[in-house]
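Visitor: Just passing along the structure, written as structure tokens.
In my numbering, the protein residues as written are 61 to 266.
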């Protein structure tokens, strides 16, 4: 094993879907959030933003149009930030130790607003993302979404290692199954469980 590829939300950063929904619905008055927010595969305009089909300002304008009067771009951003709860400190320690032995990558369905907050969260946790990961593959930049086979194949081609030297960790069984079908070895991580134990089972001591 030479490269470990991590999903971000649900694997490294704990998610709080209810807090995000409540912020949009109760604080902004944007009721449509219940139909488009999903833990793994966003729908509607959030999904379009994650796929790079619309810009962040398009999303902000859309939300403002369906919200209480007076809602600002900052209000929209901070409501979306609420989906990212926190990074358990032990996971930062795991990444630091793993980075001494493996090349680490991130593969995430993400959008420019949440990605900005994620960068801040890693800094606040004492570990800049660029010091931990050789490269971060974000859906909105790649203009592809998991579980697309093309997304996995593009990442594999860019890393340029034999498939058996890579391992992808994701908290969606659909994403894991699709990765395996695309030829990328992958394992399922259940949010809230011990990530270190799971990694030990698959890559040994680190």
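Backbone N, C-alpha and C fix where the C-beta goes; we use that ideal spot for every residue, glycine too.
Can the beta-carbon of residue 128 be found closer than 8 Å to that of residue 104?
Guide: no
Visitor: Where do the N-terminal and C-terminal ends of the beta strand (DSSP E) with residue 146 fall, by residue?
Guide: Unbroken beta strand (DSSP E) run through residue 146: 144 to 146.
Visitor: What first and last residue would you give for the beta strand (DSSP E) that runs through residue 64?
Guide: 63 to 66
Visitor: Just checking, does the region 205 to 222 make contact with the region 138 to 158 on the three C-beta pairs under 8 Å criterion?
Guide: no
Visitor: In chain order, what residues of the same chain have a beta carbon less than 8 Å from the beta carbon of residue 238, not counting five sequence neighbours either side?
Guide: 206, 207, 208, 209 and 212
Visitor: Tell me the DSSP bridge mates of residue 229?
Guide: 66 and 247
Visitor: Can you look up residue 166 in the DSSP assignment and give me helix, strand or coil?
Guide: strand
Visitor: Start and end of the alpha helix (DSSP H) containing residue 202?
Guide: 199 to 202
Visitor: Measure the alpha-carbon distance for residue 71 versus residue 259 and round it to whole angstroms.
Guide: Separation of residue 71 and residue 259 (C-alpha to C-alpha, rounded to the nearest whole angstrom) is 12 Å.
Visitor: For residue 67, tell me which candidate among 96, 248 and 266 has the shortest Cα-Cα distance.
Guide: 248
Visitor: Give the DSSP-derived three-state secondary structure of residue 259 in the structure shown.
Guide: helix
Visitor: In this structure, does DSSP put residue 183 in helix, strand or coil?
Guide: It is helical.
Visitor: Helix, strand or coil, according to DSSP, for residue 75 in the structure here?
Guide: Residue 75 falls in the strand class under three-state DSSP.
Visitor: By how many angstroms is the C-alpha of residue 180 removed from the C-alpha of residue 193?
Guide: 15 Å
Visitor: From residue 120 to residue 114, what does the alpha carbon distance come to, in whole angstroms?
Guide: 10 Å
Visitor: In this structure, what does DSSP give as the bridge partners for residue 196?
Guide: 166
Visitor: In terms of residue numbering, what span does the alpha helix (DSSP H) encompassing residue 157 cover?
Guide: 149 to 159
Visitor: Tell whether a beta-carbon distance below 8 Å holds between residue 167 and residue 73.
Guide: Result no, Cβ atoms of residue 167 and residue 73 do not sit closer than 8 Å.
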